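Enquirer: In our numbering, the protein residues as written are 763 to 1667. Here it is, the structure in full.
Right under this line is the structure:
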C-alpha cells in the first residue's frame, strides 16, 4: 500500500515543467558548447565535423567565425560550408577581422558556427565580448555551435591560475555555460596532446617549446583535464535531474552520487552530519541534511529544539544543504524515500535506533522501514558518536514562561454550563441519547480555543454533568444500569480523545500562524536589505528589525582600523563599558558567543554573537534587556540566528561593493599615473631635447651659422618652450579641476571678442590651416570667465589643427538655439572613430591617427569639459554629416538679464 501511495503521489516537479515549457516556447536558438581541457585537443575540429554532419542532413549551416590556426585538417572541414565574410576594423593602424554579426543575422541560417567563445572583440565592435555576440544570435532564433577551453570559465579562473601559475584574462560567465542546451567534452590524454604540440599541430615550433616548458606540463594538463571532466559532469547531472523531475521519473539514476543524511533531535545527529561530510568528500558528491517535521516535532523540549537547530547549522557550515520539510504521510520513511527519488539521491545516512524492541513493534521503526523500502538507494545505518557530557550550548537560553491564566479554565466551566442548559432544553424532544453530542461539541470548542488542559477540565465536567443530570438515577453520581456505566465510560473516553485531538490541531494551527508571521517579517526584512545601498542603512535596518522582533536592545560592532567600533544600535547607543567591549572583542577574535548567558565573560551586560558569512566573521551583534538571567528562548535564539545571517550577508554585500569601488578607483589612479608618466616622459622630454639641441648648436657652432640659421634655431627654442609651457599649464589646470580649486570669475562678455582673442593666441598652431568664422548677428552677452573660455577655445582649435591635414578648413560657427548659444568648431580630418566619441574627453586619451599627428598630452579636451561645466555649459564631440571631419559643439546658457533685455527690445 505504501508503494502504491508513493507511485500515485509521484508527480512532475512544477519548477522543472515550467523550465521545460519555457525552453519549448522560447523563440531563442539552441546553444551547443564544445569544451576542452586545453588548446589543441580538437574542439574546433569536432565542431566542424558535427556541422558537416548537420549540413549533410539538410540543415542550413554557415560559418560566422572559425579560426583554423593554419591546420590543414581543420581547413579541409571548412570547405563546403558557407563562410560569412568577416568584418574588417581598423584599430591602432592595424586592420583586424571580427565576425560580422549583422551579416550573420541578416543571413538567418539555422545553425551558425562561432569559434573561441571567450574572445575579446576589437574596440569599436558592437559587443566587447564574443559570448555577447552569441547571445544576440540566439535571441534571433539562430542555433549556435561554439567552443571554449575550461580555463576560460569564470568560476574556475582562480583554480586554473593556482594550477598553471597563469592568469587567464578572457573569461566567460558560468551563466553562459549553464544555459547551454548541450555540452560536448572533447577529451585527449596529456601524452597525446603533448605529442600533437611537438608535431607542430597546436603552435609554431618556438611557441610550442615555450608552452611545453610552462603551461603544457603533464601535471597541468592532468589537472585541467580533471577540471573539464568535473565541470561537464556537474552540468550533465543538473540536466539529468531536471529531466527526471519534469517527467516524474523515480530515482535514483546513479549517474552521479548524491547523499542524504536524516537528522533529528538525537544528540548523536551531529556525528551523522560529520560522517556524511567525510563520505561526501571521499566520493566528491553533494549532500543534504534533512529533518521531517511531524506532530511530534511540536512537542519537543527547548533543549531538543536547540540541538536540532544546531545540527542543521552544523550541516550548512560544513558545506551541505539543510532542509526541514513537513511530513506528507503517516510514515517518515515514505517521506524520506519520496524526497530521495525526486532529487536523485543515491545514498541515505540514518542513525541507528536505540529504542526497545517492544517500542518498535508498537510504533514501528523508521530505520527498518527505510531499509525495506529504499529499493536501489543505499542506506548507511550509523551508530553515531555520543557527545561529551559537557557538550552543551555555549549560550544559555531562557525557559519559555507561560504563567497560569485562570480565564481559560473559567471559560471552560461556563461553556460546559451552557452546554448543560442546552442539553436540558433539547432532552424532551431528542432524548437522552443525543444529549452527549452537545457536551462533545462544548469540549471540542474549548479545545479549539484554549488548548489541552482547559479542554480536559471541560471533558471531566461534561462527563460529571452527563452522569448527574441525565443518567438514572438522576441528580446523583450513582449509576445502576450496567449499560449506562459503559455509556458513561465511553463518553468520557471519547471526550478526552476529542479534546486531545482538537488541542493538537490548535497547537499546529498556532505554530503555523506563528511561522507564517515570522516568515513574512523575515521576507520583509530581506526585501528591505535588498533595497539598501549604504552600510549605515543596512546596519540600522538590522538593529531595528532585531530589536522589534525580539524585544531587546541591539548594538552592532564592526572592525575599524583593527578595532571593534559601535556602528549602529537600537535604541541608538555609541559607547560600551569595559566588560562589554572585552566580551565583544573576545567574540570577534574567537568566532564564538561571549557575554551575558554564555560560558565566556558572563559578567558582561550584553550577549555578543559573531556575525558570519562564507568568508568568515564580519562583525558582532550585542543584545540585552532589563530582565535578569538568559536573554532568549530557544525559538528566539533561532530567530536571532536568521536575522544575523541575513544582516551579515547584506553587510558583506555592501562591503564588497565598497571594496570594488576602491579597486576601481585604485585602478583608475594607476592608469592615470601610468598615463601621466608616459606623457611626461615623452611630452616633457621632447621639447626639452629640442630646446637643448638648438641652444647647444648656437653655443658650439655660432661662428659658422648664418643669420637665418640662427633665427631658425631661436624660433625652435621659442616654439618648443611655448609647447612645454602649454603642457605644464594643462597639468596645473587638471590638478585644479580635480581639487575643485577653479571657481569661474564670470561677467558679461561678447563671445565674438573672446573668439578673436583665442584665434590670435593660436595663430602659430593654425598657420597651416584656413579659418572660416561665421558668427550670428543676434548673439546676446554671456556670463563667462573670459580667461577660462579663451583656454577652452584654444584647446579645441589646437585639437582641430592637430587632427586635420594642412591646407584644410577649420570652421567656427555660432547660432542661437532657444535659451542657449551654440558654438561649433568643425575640421576636415578623418573624424572620430565611432567607438571613441565619448572617450575623447577622458584624461590622457588620444585618438590614434598615425605619425602625422603632433603629439599631445591628452588633457586639452578633458580640461575644456571641466571649464565649460564650471560655467554651467555643455560640450560634446561628434562627426560631421556633410563630409568627413569632426565637430566639437559648445552650448552655453543665456543669462536671465540678457533674456529680459531681448524682451524689452
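Glycine included, each C-beta is placed from N, C-alpha and C at the ideal position. The structure displayed is predicted, hence computed values, not measured ones.
Distance, Cα to Cα, residue 1693 vs residue 1600?
Expert: Absent from the structure is residue 1693, since the part of the chain shown begins at 763 and ends at 1667.
Enquirer: DSSP state of residue 1262, grouped into three classes?
Expert: If DSSP states are grouped into helix, strand and coil, residue 1262 belongs with the helices.
Enquirer: Would DSSP call residue 907 helix, strand or coil?
Expert: Correct three-state label for residue 907: strand.
Enquirer: For residue 966, which residues in the same chain have their Cβ closer than 7 Å to its Cβ, ignoring the five residues on either side in sequence?
Expert: Confidence at residue 966 is low in this model, with a pLDDT of 47, below 50, so the placement of that residue should be treated as unreliable; the coordinate-derived value is given next. None.
Enquirer: In terms of alpha-carbon separation, which member of 1226, 1066 and 1633 lies closest to residue 1511?
Expert: Closest option to residue 1511, Cα to Cα, is 1633.
Enquirer: Where does residue 1460 fall in DSSP's three states?
Expert: In this structure, residue 1460 counts as helix in the three-state DSSP scheme.
Enquirer: If you draw a straight line from the C-alpha of residue 1414 to the C-alpha of residue 1422, how long is it?
Expert: Between residue 1414 and residue 1422, the C-alpha separation is close to 12 Å.
Enquirer: In three-state DSSP terms, what is residue 1315?
Expert: Looking at residue 1315 - three-state DSSP - the assignment turns out to be strand.
Enquirer: Counting along the chain, where does the alpha helix (DSSP H) carrying residue 1221 start and finish?
Expert: Where residue 1221 is concerned, the enclosing alpha helix (DSSP H) stretches over 1214-1232.
Enquirer: Closer than 8 Å is the cut-off here; do at least three beta carbon pairs connect the stretch 1097-1104 with the stretch 1071-1079?
Expert: Verdict: no, contact absent.
Enquirer: If you draw a straight line from the alpha carbon of residue 1191 to that of residue 1270, how long is it in whole angstroms?
Expert: Approximately 38 Å between the Cα atoms of the pair.
Enquirer: How many angstroms separate the CA atom of residue 1416 from the CA atom of residue 1075?
Expert: If you take the alpha carbons of residue 1416 and residue 1075, they lie about 24 Å apart.
Enquirer: Quick check on the burial criterion: 16 or more other C-beta atoms within 10 angstroms. Buried or exposed for residue 1153?
Expert: Low local confidence applies: a pLDDT of 46 at residue 1153 is under 50, so the model's placement there is unreliable, and no value is given.
Enquirer: Assign residue 1193 to one of three DSSP states: helix, strand, or coil.
Expert: Coil at residue 1193, not helix or strand.
Enquirer: Terminal residues of the continuous alpha helix (DSSP H) containing residue 1132?
Expert: Looking at the DSSP string, the run of the alpha helix (DSSP H) that includes residue 1132 is 1128-1135.
Enquirer: Taking residue 1080 as the reference, give the member of 1104, 1067, 1040 and 1093 with the closest Cα.
Expert: Nearest of 1104, 1067, 1040 and 1093 to residue 1080, Cα basis: 1040.
Enquirer: Quick check: the Cα distance between residue 811 and residue 943, rounded to an integer number of angstroms?
Expert: Distance between the alpha carbons of residue 811 and residue 943: 19 Å.
Enquirer: By alpha-carbon positions, which one of 1112, 1335, 1577 and 988 ends up nearest to residue 1028?
Expert: Here the closest residue by C-alpha is 1112.
Enquirer: Out of curiosity, what's the CA-to-CA distance linking residue 1615 and residue 1474?
Expert: With a pLDDT of 46 at residue 1615, under the threshold of 50, the modelled position of this residue cannot be trusted; read the value that follows with caution. For residue 1615 and residue 1474, the distance between alpha carbons rounds to 22 Å.
Enquirer: Where in the stretch 1547-1587 do unbroken runs of the alpha helix (DSSP H), each at least 4 residues long, occur, reported from the N-terminal end onward?
Expert: The stretch 1547-1587 contains these whole alpha helix (DSSP H) runs: 1548-1564.
Enquirer: Residue 948 and residue 798: beta carbons closer than 8 Å?
Expert: Their beta carbons are under 8 Å apart, which means residue 948 touches residue 798 by this criterion.
Enquirer: How about residue 1348 and residue 1327: do their beta carbons lie closer than 8 Å?
Expert: No, these two residues do not count as a Cβ contact at 8 Å.
Enquirer: Contact check, residue 840 vs residue 828 under 8 Å by CB: the rounded distance?
Expert: Contact holds; Cβ gap of about 6 Å.
Enquirer: Which residues does DSSP list as the beta-bridge partners of residue 1142?
Expert: Beta-bridge pairing links residue 1142 to 1111.
Enquirer: Look up residue 1374 in the DSSP assignment and give the residues it is bridged to.
Expert: In DSSP, residue 1374 forms a bridge with 1379.
Enquirer: Among the candidates 1215, 1346 and 1471, whose CA atom is the shortest distance from the CA of residue 1677?
Expert: The structure shown does not extend to residue 1677, since the chain is modelled only from 763 to 1667, so the question has no answer here.
Enquirer: Would you grab the beta carbon distance between residue 800 and residue 911 for me? Rounded to a whole angstrom, and I think it's under 8 Å.
Expert: That pair is a contact at about 6 Å.
Enquirer: For residue 1533, which three-state DSSP category applies?
Expert: Three-state result, residue 1533: strand.
Enquirer: Just how far apart, CA to CA, sit residue 909 and residue 878?
Expert: Spanning the two alpha carbons is a distance of roughly 6 Å.
Enquirer: Nearest CA to the CA of residue 906: which residue from 1388, 896, 913 and 1251?
Expert: Minimum Cα distance to residue 906 is reached at 896.
Enquirer: Measuring CA to CA, which of 844, 1479 and 1472 is closest to residue 1449?
Expert: It is 1479.
Enquirer: What do you get for residue 1291, buried or exposed, if any count of 16 or more other CB atoms within 10 angstroms of its CB means buried?
Expert: Buried.
Enquirer: Please report the Cβ distance between residue 1224 and residue 1201, rounded to the nearest whole angstrom; I am assuming they are in contact, meaning their Cβ atoms lie under 8 Å.
Expert: 4 Å between Cβ atoms; contact.
Enquirer: Of the residues 1582, 1562 and 1030, which one's Cα is nearest the Cα of residue 1641?
Expert: Among 1582, 1562 and 1030, the Cα nearest to that of residue 1641 belongs to 1562.
Enquirer: Which of the three DSSP states is assigned to residue 1633 in this structure?
Expert: In the structure shown, residue 1633 sits in coil (DSSP, three-state: anything other than H, G, I, E or B).
Enquirer: How should residue 1428 be labelled, buried or exposed, when 16 other C-beta atoms within 10 angstroms of its C-beta is the threshold for buried?
Expert: Exposed, by the Cβ-count rule.
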